[in-house]
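In my numbering, the protein residues as written are 1 to 246.
Even glycine gets a Cβ: it sits at the ideal position worked out from N, Cα and C.
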């Protein structure tokens, strides 16, 4: 990694570049060594390191290094970092806001100049120093129920299952109790077509209405609530960086 990319970054910052842009096992171990260097934990006074369950965090090398240096690594359950990870809950939001403001100020003060990779470190450093406050850290850990510990921080709604896109929908939810057909709005601008007034499927305004009877409820439901396409298609390349369970 080019050393000039760290110009203006917060003091004692370290950078690692990867061709893919993803963290891997080697990069995470280097991060752990940087972490231990400044936090200085040991087996007598261990520290808690909260991470997600990315595959790079569960390597034997990383686990052994943490065990030998007094780092208790806690992996969060999948899809829960938005509520349990202090960085996600209380830090990244202000950091994003401050970084955006810093970039706007830079562009105003440097008319006609673009922000390149050489300026990112300095702009990020200014935003980081504004966001990384003791108050933000305390509020973030408290909001997650970690410190002070609060097992009742979440309500029943937080444990409710999420709604899926392709749920089963009965025709009765959309079809009326009578036998009148329902018209689906088309590009002609007609909101409702009365079949009694539509004779021999006459074309109105250049386009016939799309009409479905009770015998075709599935077509009507798919028109009203189309499900996302390609839900079952998985990109095998993305599975290389999936989360794992510790």
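For residue 23, the secondary structure class from DSSP, reduced to helix, strand or coil, is coil.
Beta-bridge pairing by DSSP links residue 74 to 50. As the crow flies, the alpha-carbon of residue 61 is around 25 angstroms from that of residue 84. The DSSP-derived three-state label of residue 125 is helix. Counting C-beta atoms within 10 angstroms of its own C-beta, residue 56 has 16 or more neighbours from the protein chains shown and is therefore classed as buried. Secondary structure note for residue 102: its alpha helix (DSSP H) is the uninterrupted segment 92–109. For the 9 angstroms CB-CB criterion, residue 51 and residue 90 do not form a contact. Within the model, the alpha-carbon separation for residue 107 versus residue 19 is close to 29 angstroms.
A straight line joining the alpha-carbon of residue 101 with that of residue 121 spans about 15 angstroms. Residue 68: member of the alpha helix (DSSP H) spanning 60–68, first to last residue. In the displayed model, residue 8 falls within coil according to three-state DSSP, outside both helix and strand.
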